[in-house]
Amino acid sequence: MFTFYPMHQFFVRIILASVLLLIAVPRLQAQIRFRIYGQVVDGVTNKPLANVSVYDKKQGAGTTTDSTGAFSMQVLPGPYNLTFSAVGYYARSRFLEIERANIRMEVALNPDTRQLDEVNVKGRTPDANVSATQMSVVRLDMKNLRNIPVVFGEVDILKALTLQPGVSTVGEGAGGFNVRGGRTDQNLVLLDGAPLFNTSHLLGLLSNLNADAIQDVTLYKGGIPAAYGGRLSSLLLMNTKAGETDRVSVNGGIGLLTSRLLVQGPASKNKKLTFLAGGRIAYPSFILGLFPEPTNKDRAFFYDLNGRLTYRLTNDSQLSATVYRSYDTFKFPQDTLYTTQSTLLTARWSQRLNPQLSFNLTATQSDYRFFLDGLTSTNTYRYRSTIRQRDARLDWLYTPKPTHRLEFGGSLTGYSLLPGAIAPTGDNSNINTQTLPTEQAREWAGYLSEEWTPFRVLSVQVGVRYAQFTNVGPGVAYQYAEGQPRTRESITDTLRYGNGQALAHYGGWEPRLTIRANLTPNSSLKVSYNRTRQFLHLISNTTAISPVDFWKVSDALVPPQVADQFAVGYFRNFNDNMYETSVEVYHKTLENLVEYRNGATLLLNPTLDADLLRAQGKAYGVEVSVQKTRGLLTGLIAYTYSRTLARVPSPYPSVQINGGDWYPSTFDRPHNLTIATQWKWSRGWTFGTNFVYTSGRPTTYPDGTYRLNGAKVLDYSQRNADRIPDYHRLDVSFTKDGRRTVGQRHYSNWSISFYNVYAHKNPYSIYFQRVNTTTKSYQLSVFGTIIPSISWNFTY
Amino acid sequence: MTQRFTEMIRRYTEIFVCWATSLLSQLKSSRSGVLVYLCVITLSGCVDELQLPIRQVEPRLVVEGLITTDPPPYSIKLTFSGRYNSAYELPEGLLVNGAVVTINDDQGHSVRLRQDPLAPAYYFVRDTTFRGKAGRRYTLHIRLDDGRQYVSSPELLTDVPPIEQLTAEYQSGASGLPQPSIYRVLLDTRDPITPGNYYRWSALAYSPIWQNGVPKVFESVTVNACLTTTYGPLTDVLSDALINGNRISRRPVLDAPIYGTGRHYVEVQQYSLTRAAYQYWTRFEEQRTRTGSLFDAQPASIEGNVHQQTDTTIVALGYFGASTISRKRLVIPGDTINYGRFIVRYGGLFKGNCSVVPSDAELENWTTN
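Residue numbers (numbering that gives the first Met the number 0), protein chains in the order written: chain A, 0 to 795; chain B, 0 to 368.
What follows is the structure in structure tokens.
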């Protein structure tokens, strides 16, 4: 099998060579520099625009605006022709001459309705694909999401991400996503800086993020910035919209599953305070009611809410607070009721002290609760598990020179988890109260990162993060006999820890590095390396994540997961950045993954440690992507070849999986092809298509039969030795943008989608069952038919 | 237009059914869950049968046996895994012939098992002086004729509380379906205060039925009445983890079908289990009821407590158990069923398949035996 091990040496050489080069370069002679700074706003709403590229092509100087729309760059005296560009807006150029003073500018960009969907995913500047230091980054263009065909007509951020190379899922309708061979719990999903522990509605059918309320979505598959850590495989950053400043606007929509409403606008006369409030509510219960007995007694319901207040104290200072809540219930009649709820609260103070120095002070709280109510007559109970995380972080940005961008800061985190508790409800219940001890942990982290652009053709982003984690009491730790697999019977001692006593300490450095070297003005080579650590583990023994899963912090027997990723990529743009192409190769090793003994008991198990195993993982792959970013026909062709493998190197054969050999992970899907196009027609119509092809995921088929207890029993001796058939489908959509002019305020959009046009019965799973005396195999397809949907959206 | 709308609704319904199907493994342990599941499977177009062959890897030894506090005989069944085509016959090649099988206890007693000449997969303890006792540990030794030796981990025979009471509850069958009404048999017992008790139940009922579905009366004696046997769930186990020290009340153990009028005879056995045995049967049941959903646990070999003596990594399938048994019997008079109305509703629907039944004498004294 092809492996990338020799690549390490190659990387080491490149890194060494680069470091030597950097030291050897003589410092440029100092010259008087001046500053160009100011703010970029939306020409229609006056809202500050983040991530706008400010660039002078001739001089090669450039920067981007921050979340308050502000930018600042140091330049030498001379003439400049600055271009301001952002996705979904007309680019704008300003000519100016710098002689002997700093210049402040206010720039308004006009939204481009026809080019709104330049392409669904795009970098910040027209040539960012080649010129930005970062690699392995995906940015979703929120304005174009509506033009991508979707199931049930629900615009879905996470489903749109799974069209990207390197991002996959175990099956349609399954919650979570896998990035470059990582598990679903290895994605750090941050909404306004607060971690989101659950990203699904209806147990995975839809994601719980309301695309209307979200300003921007950025996914880092590699080269994760030093400011972030705590998850191994990816970083997904999302921010709630700030709220328009010029007037109150209302938009919303009606779809087959949900209805949405979003109100935003100024809340004070001086327009310094703006607000946003939005919600989405579902009515699938109505559809379940159309079922025959007894399914029509099932109940499903969900909602999510987003809110944000933004207060601009001065041009350089801003306060904001956001709230997010998501709620789900699903009930099987006379049986069980599932409830999940997530609540996120954040507060942020952004301050620019001077044009070079600014900071963000952020406090967040994220709370996730799961309830399971048993409704069987003599056994009524409520089971619950919860997790709460509180963070405070301070992030500094210092840009002394255009060639330097220094970021540093730190964070404090507190975790409080209830892994599981059950209590009787009602008077006749036979259930006893049982509560597993609450897990508490503290973490602090500091980081320093520098992006240095010594020449236009070379930039280096080098950073380091240190995280220190402590699992604190009160708590109980079991000690197990040495030299044998851990079981409940091999416990030799029980250690009890008092309030605040440390049960376990872990810490370590996490180096991050990205280097870009331009080969020609239109092409570049980038390499990146990052190490990540994860102290929080999702305990889940099923193929897809399920609501019953719960979180656990590292303790003495469950060390943090550690991953190292190397990536190298070649990036090239053609035809004045109209076509962006890239090839990326990555190799990732993962240590201390959580795996489970065969037949492990996970729920309410006080000695869970005894059922957990330590696994290793490795993942590697090639991602090739070609995008057309401008014109009436835009789109993406992406192909990925990737493998992801795991093994349990336990010294005890009785707990090994597949004899301790490498075996494919459940989400190992080697071939992955996506073709997504959007074609602008006249009168505001857009025709969108998606074609997706992926290899089937590994699964375990029976490989033996025997007779026991009067029944024919199947033996499954090799995990993931088989694969379900390949997956493919085509979707089309027609969207009508009701706007006639760019600045039109009242309009409505229609969106008609056909998911799985050729009604291919994609297998979701394959299983074997005994029917009378024979064993038969069956295929279950979830969306095995064409799914038409329609939705109507309005803006007022 | 209305037709198109209906078609669309139907399509959505189908998708939701498929999606709901994928969730159902979460509730498969409950009876209503299984019912919903069966309904869904038959209704929806989301499940298709495939023709996948089942691979056969090297045959593995399968051990099935139990020593109890009842007097002998005790049987140990030894087979190999392999291709099983017929429902009842054991293929010749998959029987274990000529093995030397012994059971030892932790006090040095040992007994040799004898292979049954008529059912060669079975090896029996017939020595009446060797009888299971609570608190003893028992070990099974097997030497196959090719010299391979297997041994079980010492299995503790634990005590079990008595069954306090059995009750039966009439439940009417769904109207419009050819399904009989039932008597649901419910069990009460009290879990001891010590944690770590595990139970297994097996139940059987003899229910009245008429040979060709309708009673044939000759000189006011029904001549074609007989009894048919119904068994409880194959693997009905429970841990006291959630209910330690409490009553286990109204636990359903068996549904006795009402095919005809008359008395039902019920016997329930309550077995003690070790934690390992409980885990084994839980996994066994979990795998038997897999629904193919993504929420199923990863499948794996269900390995028990028997392994090769020299290489403990080679584990046999099946389990060698040790249990105390407590029993209780019940006669359901069945006299609340209105004979005339019963014949009108069910007459001819349930044709008798009269099985071997206990003798009249035994039935007379059913609850006193």
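The C-beta atom is built at its ideal place from N, Cα and C for all residues, glycine as well.
Note that the structure is predicted; figures quoted are calculated from it, not measured.
Chain A residues whose Cβ lies nearer than 9 Å to that of residue i
i	result
B/Gln178	Residues of chain A passing the Cβ test: none, with the nearest at roughly 14 Å.
B/Ser322	Within 9 Å Cβ-Cβ: nothing; B/Ser322 doesn't reach chain A, min ~14 Å.
B/Ser271	Under the 9 Å cutoff, chain A gives no residues; its nearest Cβ is about 17 Å from B/Ser271.
B/Ile242	Asn378, Asn429, Ile430, Asn431
Residue i at chain B interface by Cβ criterion, 8 Å
i	result
A/Gln778	yes
A/Lys711	yes
A/Asp725	no
A/Gly703	yes
A/Asp714	yes
A/Leu494	no
A/Asn109	no
A/Asn119	In this predicted model, A/Asn119 has a pLDDT of only 34, less than 50, meaning its place in the structure is not dependable enough to derive any value.
A/Ile765	yes
A/Lys400	no
A/Arg718	yes
A/Ile213	no
Cα-Cα separation, residue i to residue j
i	j	result
A/Pro510	A/Val461	8 Å
A/Ala210	A/Thr685	19 Å
A/Leu729	A/Leu275	36 Å
A/Thr309	A/Trp791	29 Å
A/Tyr473	A/Gly506	A quick correction: the sequence has Pro, not Tyr, at residue 473 of chain A. For A/Pro473 and A/Gly506, the distance between alpha carbons rounds to 21 Å.
A/Lys735	A/Asn748	5 Å
B/Asn352	B/Tyr230	14 Å
A/Trp678	A/Phe573	20 Å
B/Arg135	A/Gly783	56 Å
A/Ser66	A/Leu416	33 Å
Short Cβ contact (8 Å threshold) for residue i with residue j
i	j	result
B/Arg147	B/Gln269	no
A/Leu160	A/Leu139	yes
A/Asn427	A/Thr377	yes
A/Gly174	A/Ala543	yes
A/Gly703	A/Asp714	yes
A/Asn671	A/Tyr638	yes
A/Ser135	A/Ala566	yes
A/Val552	A/Leu535	yes
B/Ile181	B/Ile257	yes
A/Lys587	A/Lys627	no
B/Arg274	B/Gly195	yes
Chain-ordered chain B contacts of residue i [CB-CB under 8 Å]
i	result
A/Pro652	Thr311, Thr312
A/Asn238	Chain B residues near A/Asn238: none, gap ~31 Å exceeds 8 Å.
A/Asn708	Glu63, Leu233, Thr234, Phe283
A/Asn700	The sequence given here has Tyr at residue 700 of chain A, not Asn. Leu51, Ile53, Arg54, listed in chain order.
A/Asn540	Ala296, Gln297
Run of the beta strand (DSSP E) containing residue i, from where it starts to where it stops
i	result
B/Lys132	Here B/Lys132 belongs to no beta strand (DSSP E), and DSSP marks it neither H nor E.
A/Gln677	670-679
A/Asn186	186-190
B/Val150	148-151
8 Å Cβ cutoff, residue i in contact with chain A
i	result
B/Asp202	One point to set straight first is that residue 202 of chain B is Ala, not Asp, in the sequence displayed. False, the Cβ-Cβ gap to chain A never drops below 8 Å.
B/Arg340	no
B/Cys45	yes
B/Asn103	no
Per-residue contacts from residue i into chain B (C-beta, under 9 Å)
i	result
A/Ile253	Near A/Ile253 there are no residues of chain B at all, since even the closest Cβ is about 16 Å away, more than 9 Å.
A/Gly598	Gln278, Tyr279, Thr281, Arg282, Glu285, Ala296, Ala299, Ile301, Glu302
Element boundaries [alpha helix (DSSP H), containing residue i]
i	result
B/Ala360	359-363
B/Ser322	Per DSSP, B/Ser322 belongs to no alpha helix (DSSP H); it is in the beta strand (DSSP E), 314-322.
B/Phe283	274-287
A/Asn128	127-130
B/Phe341	338-345
Any non-hydrogen atom of the ligand SAH closer than 7 Å to residue i Cβ
i	result
A/Leu312	With respect to the ligand SAH, the structure offers nothing, as it holds no ligand at all.
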